[in-house]
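Novice: Once you've had a glance at the structure underneath, I'll fire off some questions.
There are 2 protein chains.
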Amino acid sequence: MSLTPAVPDGKRPTLADVAARAGVSTALVSIVMRDAKGAGAATRERVLQAAREIGYRPDARARLLRSRRSRLIGVQFGLQHPFHADLVEGVYAAAEAAGYQIALSAVTAGRSEQRAVETLLADRCEALILLGPQAPAARLAELAGQLPVVSVARRLRPSGSGPEVVRTADDEGARQAVDHLVGLGHRDVVHVDGGRAPGAAGRRRGYRTAMNRHGLGAHLRVMPGGPTEEAGAAAARALVTAGPRPTAVLAFNDRCASGVLDVFLRAGVAVPGDVSVVGFDDSRLARLAHIGLTTVGQDVARLARLAVGRAVARVEGGAASGGTGAVEDVVPPRLVVRGTTAPPR
Amino acid sequence: MSLTPAVPDGKRPTLADVAARAGVSTALVSIVMRDAKGAGAATRERVLQAAREIGYRPDARARLLRSRRSRLIGVQFGLQHPFHADLVEGVYAAAEAAGYQIALSAVTAGRSEQRAVETLLADRCEALILLGPQAPAARLAELAGQLPVVSVARRLRPSGSGPEVVRTADDEGARQAVDHLVGLGHRDVVHVDGGRAPGAAGRRRGYRTAMNRHGLGAHLRVMPGGPTEEAGAAAARALVTAGPRPTAVLAFNDRCASGVLDVFLRAGVAVPGDVSVVGFDDSRLARLAHIGLTTVGQDVARLARLAVGRAVARVEGGAASGGTGAVEDVVPPRLVVRGTTAPPR
DNA sequence: TCTAGTCGCTAGAACGTTCCAGTCATGCCG
DNA sequence: CGGCATGACTGGAACGTTCTAGCGACTAGA
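Quick note, the sequences are listed as chains X and A, same order. Under this note's numbering, the first residue of the first sequence carries the number 56, and numbering increases by one thereafter. Under this note's numbering, the first residue of the second sequence carries the number 56, and numbering increases by one thereafter.
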């Protein structure tokens, strides 16, 4: 009673092995394994039994090679970015529901986007989903000429031939945050921005227009930041040591907000007593009970579903659907009020 | 001058297309693409030129199907675990150096380890590297019977047939931390443990033996914790509200320590003034300038290198090398002293 | 001049699967 | 009983590579 595959030599069992054992043709085994119609109930059971006995496992490569469709979607993501992790999780779920497989390719310090995409292409993906891609727009457009490409969280100039885009309405999110703060009575609201990070421009714009709309143009103040804790901490240090302290801070994202929070706490600046802080993303970080960050939530599940949906539609609709309708899905954000915001002193 | 592939129908170009264009056989094109010897310099250039012109890109699936070797290592990792992200980064680098490819398969809330492993097996990986696997030892042993398996950061009873193990000396790390704290003059050192998380048992043991060795058995105190910020925060709250406050806390890992830090800061407990805090992992979190956590560093790059090395050795050495030598690599940790530890008041 | 070795290249058979076109019963309708 | 769907099943050709022979033409040593 061994659990190791019962095939003479060390090779892994194939369709032919199962077929031989069940006394049928390989074609029929293939039918059974794919759960396709064309096999009788009794034979089906017999084949499955044989497959189980010798520990047969279909070879994904061979399957993909033969069938025209690969039903494979390549996903490029930043390994160190928690927000991407959330997105990938959603993409897995959405793809599974649509009957597609996912091939992951990570971008790290030592592995460029270029390389990540190349491996995905070599794997015969039918479509690519790029999470927060940093590559030049021209490169992305070229890629989109070869296969359906969906850019998530990176805004691109809409064009008929370029990648499709799925993103959160960053400006709208920043507006909601500002409205919330102003509604609480704040006037000195500072924005620690995200620099060149995807989405940063939109959030900056949203902050500006919202402040102006409230007649607070004179209080406009954008501090250079970034998408990391360090960036937030640096900005907060500048606020603590120099310059007049605002009554509220809108950070580029949750990690940035976390850096701000930490420096404030260390400097004895009470949150939300002395200063209110708002983040962006509603990442796991923000939800942690002991942080309880007020933040602008992105609907990650929906972004993922839309991205997969667009990719699948393009793949199944062929090139024809490339030109139809909007090439951009914009998902509305939702302010999540937690414990880091309150009326000013 | 179009950038789209110059093949009549919409199909992606193959070896045959390149061969036709260059006026040679497909076998020769294969040789050239693989950079193998057996082709003249002039022809080589001509073939490459042709390939470039029609935008040829080798098909990884077909290649893998045909060649006996796949040179593919499957990696299972926890999508939400930053420490795994660091490891994966190292694994990518090590694998590349060894001439192997990596196939990633993530474990998430909605995607079990079982499923992750299944897709890797279907992809014909030659070996599996599992990061902090939670599956029962029996299941891992069964898997190891089918192909080389390396478990990283999860300790397993050494056996000739089970998975190989690469891990940090968790007990030794805890010991270093305790030595450091005791050396500073601390006696009331509490350990917030990791519960059932991989490595937790070793760190608990190291803490206990180190305390005893220093004659501080009476001060032994292990609080139930876990690998997340919430767990650390919960333990810290208990320390702040009830019971005598220790002068130092050794947390299971950096995330846990971060939760402890946050609660302490909020409660007005100065770190390291009132209490010293030590983490574990030396993750990006600990290195952040504004946190500056004293922590026990795991040599991630080395763990990754060893894991890949073991996998490759088993693959290339065949089953023969399965029985030889140790089946466990234990990497020594290194205490990284930063700003969260100081002599007690 | 004969061998033997190297070099550049090609034909054709794998690899493990799916797809297509059938074959052979069987059942049903008129 | 003829005709003709319908369903179960099979043979064999793909899919895009790599691998094993082996071929012809040189070179070089004896």
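We treat Cβ as the ideally placed atom computed from N, Cα and C, and that holds for glycine.
Which residue spans inside the stretch 332-362 of chain X form an unbroken beta strand (DSSP E) run of at least 3?
Specialist: For the stretch 332-362 of chain X, whole beta strand (DSSP E) runs of length 3 or above, ordered along the chain, are 349-352.
Novice: Can you give, in chain order, each stretch of the beta strand (DSSP E) that sits fully within the stretch 65-139 of chain A and has at least 3 residues?
Specialist: Qualifying beta strand (DSSP E) stretches, in chain order: 127-133.
Novice: Could you spell out where the alpha helix (DSSP H) holding A/D234 opens and where it closes?
Specialist: Run containing A/D234: 225-239, per the alpha helix (DSSP H) assignment.
Novice: Please list the partners that A/E144 has in chain X, where partner means a Cβ-to-Cβ separation under 9 Å.
Specialist: Per Cβ cutoff of 9 Å: L134, Q135, A161, T163, A164, G165, R166.
Novice: Give the residues of chain X in contact with A/P113, contact being defined as C-beta atoms less than 7 Å apart.
Specialist: Here the neighbours are A177.
Novice: A/L119 versus chain X: which residues are under 7 Å apart at the beta carbon?
Specialist: Residues of chain X passing the Cβ test: R116.
Novice: With DSSP collapsed to three states, give me the class of X/E383.
Specialist: X/E383: strand per DSSP, three-state reduction.
Novice: With respect to the alpha helix (DSSP H) encompassing X/S206, which residues constitute its N-terminal and C-terminal limits?
Specialist: Looking at the DSSP string, X/S206 is not in any alpha helix (DSSP H); the run it does join, the beta strand (DSSP E), is 204-207.
Novice: Any Cβ of chain A within less than 8 Å of the Cβ of X/L183?
Specialist: Not closer than 8 Å to any Cβ of chain A, the Cβ of X/L183 fails to qualify, so no.
Novice: Going by C-alpha to C-alpha distance, which of X/P188, X/E371, X/L275 sits closest to X/H241?
Specialist: Of the candidates X/P188, X/E371, X/L275, the one whose C-alpha sits nearest the C-alpha of X/H241 is X/L275.
Novice: Could you tell me whether the Cβ of X/V318 comes closer than 8 Å to any Cβ of chain A?
Specialist: Closer than 8 Å to some Cβ of chain A, the Cβ of X/V318 qualifies, so yes.
Novice: Given A/A289, which residues of its chain have a CB within under 8 Å of its CB, disregarding the five upstream and five downstream residues?
Specialist: Answer for A/A289: G280, G314, listed in chain order.
Novice: Tell me the residue span of the alpha helix (DSSP H) that contains A/A289.
Specialist: That run of the alpha helix (DSSP H) goes 284-296.
Novice: Which same chain residues, not among the five before or five after X/T379, have their C-beta less than 7 Å away from its C-beta?
Specialist: A caution first: X/T379 carries a pLDDT of 49, below 50, which makes its placement in the model too unreliable to give a value.
Novice: Going by DSSP, what residues sit across from X/V392 in a beta bridge?
Specialist: In the DSSP output, where bridge partners are listed per residue, X/V392 has none listed.
Novice: Among X/V146, X/M266, X/A193, X/A229, which has the Cα closest to the Cα of X/V207?
Specialist: Here the closest residue by C-alpha is X/V146.
Novice: Could you tell me whether the Cβ of A/G280 comes closer than 8 Å to any Cβ of chain X?
Specialist: Chain X, which has no Cβ nearer than 8 Å to the Cβ of A/G280, makes this no.
Novice: Mapping the DSSP letters down to three states, classify A/L271 as helix, strand or coil.
Specialist: Here A/L271 sits in coil by DSSP.
Novice: If you check the beta carbons only, do X/F53 and X/R258 fall under 8 Å apart?
Specialist: This structure cannot speak to residue 53 of chain X, because chain X is shown only from 56 to 400.
Novice: Smallest Cα separation from X/Q353: which of X/G154, X/R292, X/V391?
Specialist: Of the listed residues, the one whose Cα sits closest to X/Q353 is X/V391.
Novice: Report back the beta-carbon spacing between X/E371 and X/P213 to the nearest angstrom; my notes put them in contact at under 8 Å.
Specialist: With 8 Å as the limit, X/E371 and X/P213 do not qualify as a contact, their Cβ atoms being about 22 Å apart.
Novice: Any C-beta of chain A within less than 8 Å: which residues of the stretch 310-339 of chain X qualify?
Specialist: Of all residues in the stretch 310-339 of chain X, G314, D317, V318, L320, R321, R339 have a Cβ within less than 8 Å of some Cβ in chain A.
Novice: Considering only the alpha carbon of each residue, which of A/C180, A/A293, A/A82 lies closest to A/T98?
Specialist: Comparing Cα-Cα distances from A/T98 to each of A/C180, A/A293, A/A82, the minimum goes to A/A82.
Novice: Looking at A/V245 and A/P301, is the spacing between their C-beta atoms short of 8 Å?
Specialist: Taking 8 Å as the Cβ cut-off, A/P301 and A/V245 qualify as a contacting pair.
Novice: Measuring only between beta-carbons, confirm whether X/A252 sits less than 8 Å from chain A.
Specialist: For X/A252, the answer is no, since every Cβ of chain A falls outside 8 Å of its Cβ.
Novice: Would you say A/Y262 faces chain X, with C-beta separation under 8 Å as the test?
Specialist: Chain X, which has no Cβ nearer than 8 Å to the Cβ of A/Y262, makes this no.
Novice: Counting only beta-carbon separations shorter than 8 Å, does X/Y147 have a partner in chain A?
Specialist: Yes, X/Y147 lies at the interface with chain A (some Cβ there is under 8 Å from its Cβ).
Novice: Run the CB neighbour count on X/D337, radius 10 Å, all protein chains shown included, and call it buried at 16 or more, exposed below.
Specialist: So X/D337 ends up on the buried side.
Novice: Pop quiz: X/L142 and X/S160 are said to be a contact at Cβ under 8 Å. What is the actual Cβ separation, rounded to whole angstroms?
Specialist: Going by Cβ atoms, the distance from X/L142 to X/S160 rounds to 14 Å, so no, they are not a contact pair.
Novice: Which same chain residues end up closer than 6 Å to A/A71 when comparing Cβ atoms and leaving out the 5 residues on each side of it in sequence?
Specialist: Excluding positions up to five away in sequence, the list reads T81.
Novice: To the nearest angstrom, report how far apart X/A150 and X/A362 are at their CA atoms.
Specialist: Using only the alpha carbons, I get a separation of about 10 Å.
Novice: Buried or exposed, going by whether 16 or more other CB atoms sit within 10 Å of the CB of A/R360?
Specialist: Looking at its Cβ environment, which holds 16 or more other Cβ atoms inside 10 Å, A/R360 is buried.
Novice: Span of the alpha helix (DSSP H) holding X/L176?
Specialist: 168-177 is the extent of the alpha helix (DSSP H) around X/L176.
Novice: Helix, strand or coil for A/L211? Go by DSSP, reduced to three states.
Specialist: In the structure shown, A/L211 sits in coil (DSSP, three-state: anything other than H, G, I, E or B).
Novice: Taking its Cβ as the centre, do 16 or more other Cβ atoms sit within 10 Å of X/E219, making it buried, or is it exposed?
Specialist: Classification for X/E219: buried.
Novice: Just to confirm the assignment, what range does the alpha helix (DSSP H) spanning A/S313 have?
Specialist: Per DSSP, A/S313 belongs to the alpha helix (DSSP H) from 309-321.
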